[in-house]
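Presented below is the structure to which this report refers.
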Amino acid sequence: MLLINIVGCNKSTATSQPTQANANGQGQAQSVSVIKVNKSALTNTISVVGKILPSEEITVSPKSAGRVESVQKDVGQEVSAGEVLMALESSDSALQIEKTRILLDDAKRNSDQKKTLLDSGAISKSEFDTALNTYNTYLLTMQQNENDLANAQVRSPINGIVTAKNVGLGETVSSSTAAYTIVNIDKVLVNASLMEDEVNYVKVGQAVDIVVPAISNQTYKGIVAKISPYASDKDKTYPMWVEVDNQKRVLKPGMFAEIKLKYNRLEAVISVPKAAIVDKGDKKVVYVVNVDKAAERPVKTGIDLNGMVEITEGLNSGDILITSGLQTLKDGKSVSIKAEGK
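Its first residue numbered -12, the sequence shown is counted upward by one per residue in this note's numbering.
Set out below in structure tokens:
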């Protein structure tokens, strides 16, 4: 009786009792390793390494020149969209607003009076136009002063975290000063590159797995956000970005991550290790165990994915496939099952 211990589709170990032929000295059985043939899904995987980036990164500059009066936020602090990061000195703007408001009110009263006189025919149209133009001039001045006062408050345009602060109290800044850098990492992007023989298997919106070595090889789910249609001039690869949810903010910009993309998935097919298939001229064969002997089986193959080959004809679920010693194996040769690796 031949005893075989097999788990799933993996290589199995078992011990064969000597056959009667061996006991009688009629030939030495060849020791082989085997797997049990089963139907399972067959999936190809592309694996590329990329770098984690923030989903948004904004450099904040003042809209006008001035001297820094206060600094509200520092590196590492969270900010909300519209929240004040720093303020410029604004006493002159506030004073100008008060002065202009007095002039604007006087101009408004004068314009209204001139309109009444114009309607009664007491003054000419040109006199009214002069009063109206004066009012409009002060109105524009007031709007500009109010805008200057608002610009003295430098605000964050997005929700995020401060990653750089390049200003200090009392410093003079201008619209070209990169005062702050704000990033949003509630979602992150993993930037990687695809080879030319990989890019056509990857689609925007495709679900992928992200493995991060820095976080104990934790696996996260991501979605392909965009793929460049042009290869990089530097290395002729196609840049790709994968979006990953990061509400807990454990994924940090700068970390490396492995992207695993699955494609060409076949459901419920028989597949065997490529090394278990022997080329014999114009045909392919495998060997199965049949009553303590090797039986040669011609097979037809399908796709080859990650070292596993689809068998479309020639094997059945439950067959015991021989995976070692194939160079010396012949049809009908006595075999015994050995422990894997021995």
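Every residue, glycine too, gets a C-beta built ideally from N, C-alpha and C. Predicted model only: the values in this text are computed from it and were never measured.
Which residue wins for smallest C-alpha separation from residue i, given the options the options?
{"i": "V35", "options": "L181, E300 and N233", "result": "L181"}
{"i": "V47", "options": "S162, V276 and E297", "result": "S162"}
{"i": "A139", "options": "D291, S57, E230 and A212", "result": "S57"}
{"i": "A244", "options": "V231, A74, K235 and L253", "result": "V231"}
{"i": "V199", "options": "T150, G289 and G209", "result": "G209"}
{"i": "A179", "options": "V24, I33 and S27", "result": "I33"}
{"i": "K190", "options": "P216, S311 and I197", "result": "P216"}
{"i": "L72", "options": "L82, Q59, Q64 and K86", "result": "Q59"}
{"i": "L302", "options": "T150, A282, E183 and L105", "result": "A282"}
{"i": "G53", "options": "Q205, S203, G155 and D269", "result": "G155"}
{"i": "K174", "options": "V160, E185, V186 and Y207", "result": "Y207"}
{"i": "G305", "options": "E133, I264, I290 and V259", "result": "V259"}
{"i": "A194", "options": "Q100, Y250 and S77", "result": "Y250"}
{"i": "V229", "options": "K223, A255 and I197", "result": "I197"}
{"i": "T150", "options": "V24, A166, D222 and L136", "result": "A166"}
{"i": "G268", "options": "P285, L253 and D279", "result": "P285"}
{"i": "S219", "options": "K247, K320 and V186", "result": "V186"}
{"i": "T159", "options": "N293, G319, P49 and T168", "result": "P49"}
{"i": "A137", "options": "D61, D79, K320 and T288", "result": "D79"}
{"i": "N293", "options": "I214, V141, K247 and Q100", "result": "K247"}
{"i": "A255", "options": "D106, K26 and T288", "result": "K26"}
Could you compute how far the alpha carbon of residue i sits from the alpha carbon of residue j?
{"i": "K95", "j": "Q131", "result": "18 Å"}
{"i": "S323", "j": "S18", "result": "5 Å"}
{"i": "N146", "j": "A68", "result": "5 Å"}
{"i": "T2", "j": "I307", "result": "Low confidence applies to T2: its pLDDT is 37, below 50, so where it sits in the model is not reliable, and the reading given next is rough at best. Whole-angstrom Cα-Cα distance: 14 Å."}
{"i": "L316", "j": "K325", "result": "15 Å"}
{"i": "I45", "j": "L82", "result": "33 Å"}
{"i": "G63", "j": "N153", "result": "14 Å"}
{"i": "I84", "j": "L127", "result": "11 Å"}
{"i": "N204", "j": "V237", "result": "13 Å"}
{"i": "E183", "j": "N31", "result": "16 Å"}
{"i": "V55", "j": "P144", "result": "19 Å"}
{"i": "P226", "j": "K239", "result": "20 Å"}
{"i": "N123", "j": "E76", "result": "28 Å"}
{"i": "I298", "j": "I257", "result": "6 Å"}
{"i": "L90", "j": "A109", "result": "25 Å"}
{"i": "V276", "j": "V211", "result": "45 Å"}
{"i": "N171", "j": "N233", "result": "10 Å"}
{"i": "Y274", "j": "Y188", "result": "34 Å"}
{"i": "D291", "j": "L29", "result": "9 Å"}
{"i": "A201", "j": "G241", "result": "11 Å"}
{"i": "A16", "j": "L176", "result": "58 Å"}
{"i": "K23", "j": "I39", "result": "42 Å"}
{"i": "G312", "j": "L253", "result": "29 Å"}
{"i": "M372", "j": "K221", "result": "Past the edges of the chain, shown from -12 to 329, lies residue 372, and the structure says nothing about it."}
{"i": "T310", "j": "A263", "result": "5 Å"}
Would you kindly report the start and end of the unbroken alpha helix (DSSP H) that includes residue i?
{"i": "T224", "result": "Run containing T224: none; DSSP gives neither H nor E here."}
Could you give the first and the last residue of the continuous beta strand (DSSP E) run that contains residue i?
{"i": "Y125", "result": "That residue, Y125, is in no beta strand (DSSP E); its alpha helix (DSSP H) goes K112 to N138."}
{"i": "N178", "result": "Y167 to L181"}
{"i": "F299", "result": "Correcting the residue identity first, residue 299 is Thr in this sequence and not Phe. From DSSP, the beta strand (DSSP E) with T299 extends over M295 to E300."}
{"i": "E56", "result": "G53 to V58"}
{"i": "R236", "result": "Where R236 is concerned, there is no enclosing beta strand (DSSP E), given that its DSSP letter is neither H nor E."}
{"i": "S34", "result": "K26 to V47"}
{"i": "D306", "result": "That residue, D306, is in no beta strand (DSSP E); it is neither H nor E in DSSP."}
{"i": "T150", "result": "G147 to K152"}
{"i": "G289", "result": "K280 to L292"}
{"i": "L313", "result": "Taken as a continuous stretch (DSSP letters only), L313 belongs to no beta strand (DSSP E), as it is neither H nor E."}
{"i": "V62", "result": "Note, V62: premise wrong, no beta strand (DSSP E); not H, not E."}
{"i": "V71", "result": "V71 to L75"}
Identify every residue that forms a DSSP beta bridge with residue i.
{"i": "D93", "result": "Paired residue(s): none; D93 is not in a bridge."}
{"i": "Q205", "result": "V199"}
{"i": "S18", "result": "S323"}
{"i": "N277", "result": "K280"}
{"i": "P260", "result": "M295"}
{"i": "D266", "result": "K271"}
{"i": "I330", "result": "Given that the chain is displayed from residue -12 to residue 329, the structure contains no residue 330 and the question cannot be resolved."}
{"i": "Y250", "result": "N31"}
{"i": "E245", "result": "V36 and V198"}
{"i": "V189", "result": "V189 pairs with nothing; no bridge assigned."}
{"i": "R142", "result": "V71"}
{"i": "K23", "result": "I307"}
Establish whether the CB of residue i and some CB of chain C are separated by less than 9 Å.
{"i": "V199", "result": "Note that chain C does not occur in the displayed structure, where there is just one protein chain."}
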